[in-house]
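Asks:
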Amino acid sequence: MTPPTTTGLASAASHLPLVLELQDVVLSVGPPGAERVLLRGADLRIREGEKVLLSGLDGEARSSLTALLDGRMPPTYGTVRVGPVRSGRLGRLRAGRGTTVLDAGDGPGSITVADLPPDDDPFSVLVLAGHEWAGLSVPGRYRSLRLDGGQFVESPPARPPAGVRVPLAELHRRTLAALLAAGVEAPAAEAASSVLVDAERRGHRSHGVALLPTYLRRIEEGGIRAAARPRLTEAGPAVATVDAGGGLGQPAARLAADWCAAKAAEHGLAAVAVHDNNHVGMLAAYRHAFQRHQVVGFLLNTSGPSIAAPGAGGPTLGSNAICLVTPSAEGGEPFCVDLATGVVAAGKIRDALNRGVPVPPGWLQDASGAPTTDPGDLDRGGSIPLFGGYKGLCVTLLAEILAGAVAGRRVSPDVGKQRKHPEQVMGCSQLFIGLSARHLGPAGEPEALDGFVDRLRAAVLDGHATRPARPWFPDQPEEDHAAEADARGVEVPASVLAELGWGLP
């Protein structure tokens, strides 16, 4: 019989060696006279590195197929050729050489990209799943089949499952509870939860609760030290360093921002360097200290390689972030300019992956350097183009030197990738600089900076032939998203909810 053709998002290249082959297989289970025929002359081929989701299987079918593949049950008829097989339940087995067979259970619960080996690793995975999995859009690159009439047939994924809208307070409560349950101390868990939910509120899902499963996995495997407490050492009246100790990135970043803003208000200028840190989330989340002390904040961060420098076909530099916080009149929200140095933040590509949608053209190139719209290509050796060509390179090198070389003595090519190496501290670093307009501005001039920001907004409006009602200006989308989130909550992708095991209605 003809083996099923490839469906889903992708399959392994045809030149790769076969690691599993079923040819014209008949498989019967049960006592004589009451046999159940599971396979009726079925064919299946899986190549090295391929991921296959096989749905439509009840518990007996999943256990019988596992026994067939690991050699405990011979076929009734036909040929089974298979290399080493490792079996287990979904999410409980790390990849090894050969083929990994995972039991996903009767219905969707926790399947994620992280449960499967990275797509650039030569490991093959066969996920055996119940009837409720059929037609679902599962994150990642895989081939989707179902068992129907004893044959393996194509099962193209349906449209991505909708997300669930969650009130901000509930989202914060659940995020905090998950971190506390993982062994994180309350102050650190609160800092991280607040930063993740703030990103959701401002419309940056890429830096929101979709990061929580990665954080929890890294805590479990040692890449984030749950018990770490950041330690600040003063090097002068307005200069300090923070040793993050390999813990969650947010507590160290918050400590640095608070100290920096307070000392800048006192002395006019302050700087804090953070080293031995992990992912800190959205830099604008640390705006509140600078607003509270009415000082300008300049924040820089390094990350692991995901950006392709001009002309490069692969990731060479980090998607380093730069953020400027300008305080507004007391009681208001500061004006923030917060950007990654790629054409888009890496997290926005992973957000598209979580939602099962392609990314816009120009956002991503695959491992060969060719343009792609498949978000899964990022974690298969792909890269994000640098924004602005040569000038964009200059901007990202500012972060490399200031936040990397000066603050952490480590530039982005030497910073760890948090998903690829969950057992390792990233070793990223940040630099926080605070400046007081009261100290640095001309004598007798007003200290408030709101008017200057308004003047710049007006200048943007003046550049239009027909003045728009609102100019496209930094922080404007965030204001809109925050207003909606305060009123209606935020939508969390179904895949993220499933990964976290949050059974929200």
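Heads up, the sequence shown is in full-length UniProt numbering, so the first residue is 1 and it goes up one at a time.
Glycine included, C-beta positions come from ideal geometry on N, C-alpha and C.
In this text, all values refer to a predicted model and were calculated from it rather than measured experimentally.
Within a Cβ cutoff of 6 Å, which residues of the same chain sit near F432, ignoring the five residues on either side of it in sequence?
Replies: Hits under 6 Å: A256, A257, C260, V272 and L299.
Asks: Hey, would you say D243 sits closer than 8 Å to R231, going by beta carbons?
Replies: In contact: D243 and R231 (Cβ atoms closer than 8 Å).
Asks: Is the Cβ-Cβ distance between residue 507 and M426 less than 8 Å?
Replies: The first residue shown for the chain is 1 and the last is 505, placing residue 507 beyond what the model contains.
Asks: Taking only the alpha-carbon atoms, compute the straight-line gap between G503 and S144 and give it to the nearest angstrom.
Replies: Computed Cα separation, rounded: 25 Å.
Asks: Determine the DSSP secondary structure at G342, reduced to helix, strand or coil.
Replies: It is a strand residue.
Asks: Count the other CB atoms within 10 Å of the CB of R165; is the residue buried (16 or more) or exposed (fewer)?
Replies: So R165 ends up on the exposed side.
Asks: So what does K51 bridge to, in DSSP terms?
Replies: For K51, which the question treats as bridged, DSSP gives the partners V125.
Asks: According to DSSP, is Q476 helix, strand or coil?
Replies: Residue state, collapsed to three classes: helix.
Asks: What is the residue span of the alpha helix (DSSP H) that V195 lies within?
Replies: Residues A186 to R201.
Asks: Is there contact between the stretch 382-392 and the stretch 329-343, where contact requires at least three CB pairs shorter than 8 Å?
Replies: The stretch 382-392 is in contact with the stretch 329-343.
Asks: Please report the straight-line C-alpha distance between V359 and G347, rounded to a whole angstrom.
Replies: Going by the C-alpha atoms only, they are around 12 Å apart.
Asks: Reducing DSSP to helix, strand and coil, say where E234 ends up.
Replies: In the structure shown, E234 sits in a strand (DSSP, three-state: E or B).
Asks: Does DSSP put N354 in a helix, in a strand, or in coil?
Replies: The answer is helix: DSSP assigns N354 an H, G or I state.
Asks: Using the Cα positions of P371 and N354, report the straight-line distance between them to the nearest angstrom.
Replies: Each residue's Cα considered, the two are about 20 Å apart.
Asks: Who are the near neighbours of G489 in its chain, counting only those whose CB is closer than 7 Å to its CB and skipping five residues on each side?
Replies: R165, V166, P167 and L168, listed in sequence order.
Asks: Residues in its own chain within less than 6 Å of R202 by CB, not counting five upstream and five downstream?
Replies: Around R202: E478, H481 and A482.
Asks: Can you give the Cα-Cα distance for V19 and L69, rounded to whole angstroms?
Replies: Cα-Cα distance, rounded: 11 Å.
Asks: Would you list the one or two residues that DSSP bridges to R143?
Replies: Bridge partners of R143: V52.
Asks: Cβ of N320 within 8 Å of Cβ of Q430?
Replies: No, they are not a contact pair.
Asks: Could you check if residue 544 is buried or exposed, using at least 16 other CB atoms within 10 Å of its CB as the buried criterion?
Replies: The question about residue 544 has no answer here: the residues shown for the chain are numbered 1 through 505.
Asks: Under a Cβ-count criterion, where at least 16 other Cβ atoms within 10 Å of its own Cβ denotes burial, should D462 be classed as buried or exposed?
Replies: By the neighbour-count rule (16 or more Cβ atoms within 10 Å), D462 is not buried but exposed.
Asks: Taking 6 Å as the limit between beta carbons, can you name the residues of its chain near L16, skipping five residues before and five after?
Replies: Answer for L16: R47 and E48, listed in chain order.
Asks: Out of curiosity, what's the CA-to-CA distance linking V209 and T316?
Replies: The straight-line gap from Cα to Cα measures roughly 27 Å.
Asks: Applying the 10 Å Cβ sphere with the 16-neighbour rule, what's the burial state of M1?
Replies: Interpretation of M1 is limited by its pLDDT of 38, a score under 50 that renders its predicted location unreliable; no figure is taken from the coordinates.
Asks: Quick check on DSSP: helix, strand or coil for E21?
Replies: Strand.
Asks: Compute the Euclidean distance between the alpha carbons of L22 and V80, then round it to the nearest angstrom.
Replies: So the alpha carbons of these two residues sit roughly 5 Å apart.
Asks: Just the Cα atoms here: how many angstroms apart are V406 and H275?
Replies: Between V406 and H275, the C-alpha separation is close to 10 Å.
Asks: Would you mind sorting D475 into buried or exposed? The rule is 16 or more other CB atoms within 10 Å of its CB.
Replies: Its Cβ being crowded by 16 or more others within 10 Å, D475 is buried.
Asks: Which residue's Cα is closest to the Cα of K263: A284, N277 and E234?
Replies: The candidate whose alpha carbon is nearest that of K263 is E234.
Asks: Below 8 Å CB to CB, which residues in the same chain sit around L440 once its five sequence neighbours on both sides are set aside?
Replies: Correct list, in chain order: G268 and L269.
Asks: Report buried or exposed for G30, applying the criterion of at least 16 other Cβ atoms within 10 angstroms of its Cβ.
Replies: Exposed.
Asks: Would you verify that the beta carbon of Y77 is, or is not, closer than 8 Å to some beta carbon of chain B?
Replies: No chain B is part of this structure, which consists of one protein chain only.
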